[in-house]
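Before any comments, here is the structure.
Numbering (my numbering), first residue to last: 20 to 241.
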């Protein structure tokens, strides 16, 4: 796989892509033509899958109006078509699973998706790309499927960890609020105890002083 890009079907906006640093002139020229490919394959109502040869490269695409996603992959001419189709299906399925809710929410708010808004998906693209690019994988899709399950489990575990971390942060916030409340109650209670101790300590002294004062007044003025 030379390069992979995921576009929004309805606008042609690139949403995610593989990290490529190739300086091959032929590949660069092919990548420039991808938007034209998108325009050509997004006119119908049904999902469209196909490929186009361009020099030493082949552009493979899968356009699905329902999910609002187009997956485009560029490979060298002669790369096994079955592997490419399986690779595209994996990317399409995982992308829609992870990002469809956010895409739907943006659209419902009347917001446009930003170019490369979901570049965090590049991690999954890179790992999946390595699995399919492995020459040993070309000998059997069974091994590919097993490796992909491992990749997806890692991705889902990362997402679960983030969600669990969010729950833990909420628990910590609740605990912090509880401790703050208890601290205020303790401070108020401690103040009351100190006052009670003060009264208990100095009341007898005040009473004695009062009687002494009365005695002095009685002796000197009465």
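Positions of the beta carbon are idealized from the N, C-alpha and C atoms, including for glycine. Since the model is a prediction, treat every value here as computed from it, not as a measurement.
Return the first residue and the last residue of the alpha helix (DSSP H) that residue 44 is part of. Locating residue 44 in the chain shown gives position 25, counting from the first residue. 44-51 is the span of the alpha helix (DSSP H), which, as asked, contains residue 44.
Distance, Cα to Cα, residue 155 vs residue 149? Residue 155 sits at position 136 when you count from the first residue of the chain shown. Residue 149 sits at position 130 when you count from the first residue of the chain shown. Confidence at residue 155 is low in this model, with a pLDDT of 46, below 50, so its placement is unreliable and the value that follows should be read with caution. Rounded to whole angstroms, residue 155 to residue 149 spans 11 angstroms at the Cα level.
What residue range does the alpha helix (DSSP H) around residue 104 cover? Numbered from 1 along the chain shown, position 85 holds the residue referred to as residue 104. For residue 104, the enclosing alpha helix (DSSP H) starts and ends at 100-127.
Rounded straight-line distance, which links the Cα of residue 238 to that of residue 229: By one-based count along the chain shown, residue 229 stands at place 210. By one-based count along the chain shown, residue 238 stands at place 219. Rounded to whole angstroms, residue 229 to residue 238 spans 14 angstroms at the Cα level.
Once DSSP output is grouped into helix, strand and coil, what is the label at residue 76? Taking the first residue of the chain shown as 1, we reach residue 76 at position 57. In the structure shown, residue 76 sits in a strand (DSSP, three-state: E or B).
Strand pairing of residue 93, partner residues [DSSP]: Start at 1 with the first residue of the chain shown, and residue 93 comes out as number 74. According to DSSP, which records beta bridges pairwise, residue 93 is partnered with 22, 78.
Do three or more CB pairs link the region 34-48 to the region 66-80 at distances below 8 angstroms? Because the criterion of three Cβ pairs below 8 angstroms is met, the region 34-48 and the region 66-80 touch.
Residue 132, DSSP secondary structure in three states: Here residue 132 is taken as the residue at index 113 of the chain shown, counted from 1. Residue 132 sits in coil when the DSSP states are folded into three classes, being neither helix nor strand.
Selected residue, minimal CA-CA separation from residue 136, among 223, 21, 145, 26: Indexing the chain shown from 1 puts residue 136 at position 117. For the residues 223, 21, 145, 26, the minimum Cα distance to residue 136 belongs to 26.
Classification of residue 88 by the beta-carbon crowding that lies within 10 angstroms, buried from 16 upward: Position 69 of the chain shown holds residue 88. The residue in question, residue 88, is buried, as its Cβ has 16 or more Cβ neighbours within 10 Å.
Are there three or more Cβ pairs, one per stretch, closer than 8 angstroms when the region 97-106 is compared with the region 129-143? As far as the Cβ criterion goes, the region 97-106 does not touch the region 129-143, which means the pair count is below three.
Simplified DSSP state of residue 222, which is helix, strand or coil: As a first step, residue 222 is located in the chain shown; it is residue number 203 there, counting from the start. The three-state secondary structure of residue 222, taken from DSSP, is helix.
Could you have a look at residue 37 and say whether DSSP puts it in helix, strand or coil? Within the chain shown, residue 37 is the residue found at index 18, counting from 1. In the three-state reduction of the DSSP assignment, residue 37 falls in the coil class.
Beta-bridge pairing of residue 69 - partner residues as DSSP gives them: Indexing the chain shown from 1 puts residue 69 at position 50. As computed with DSSP, residue 69 is found in a beta bridge with 80.
Taking residue 28 as the reference, which of 39, 59, 43, 22 has the closest Cα? Stepping through the chain shown from its first residue, residue 28 is reached at position 9. Residue 59 is the option with its Cα nearest to residue 28.
Looking at the unbroken alpha helix (DSSP H) that takes in residue 143, where does it start and where does it end? For the purposes of this step, residue 143 is taken as residue 124 along the chain shown, with counting starting at 1. 141-152 is the span of the alpha helix (DSSP H), which, as asked, contains residue 143.
Are residue 35 and residue 138 closer than 8 angstroms when you measure CB to CB? By one-based count along the chain shown, residue 35 stands at place 16. By one-based count along the chain shown, residue 138 stands at place 119. Taking the C-beta atoms as reference points, residue 138 is found nearer than 8 angstroms to residue 35.
From 30, 78, 231, 44, residue whose alpha carbon lies closest to that of residue 84: Position 65 of the chain shown, counted from the first residue, corresponds to residue 84. Ranking the options by Cα distance to residue 84, first place goes to 30.
Cβ neighbours of residue 82 in the same chain (closer than 7 angstroms, five flanking residues each side left out): For this step, residue 82 is matched to residue 63 along the chain shown. Within the same chain, residue 82 has close Cβ partners 28, 60, 61, 66, 67, 89.
Which residues does DSSP pair with residue 88 in a beta bridge? As a first step, residue 88 must be located in the chain shown, where it is residue number 69. Partner(s): 27, 83.
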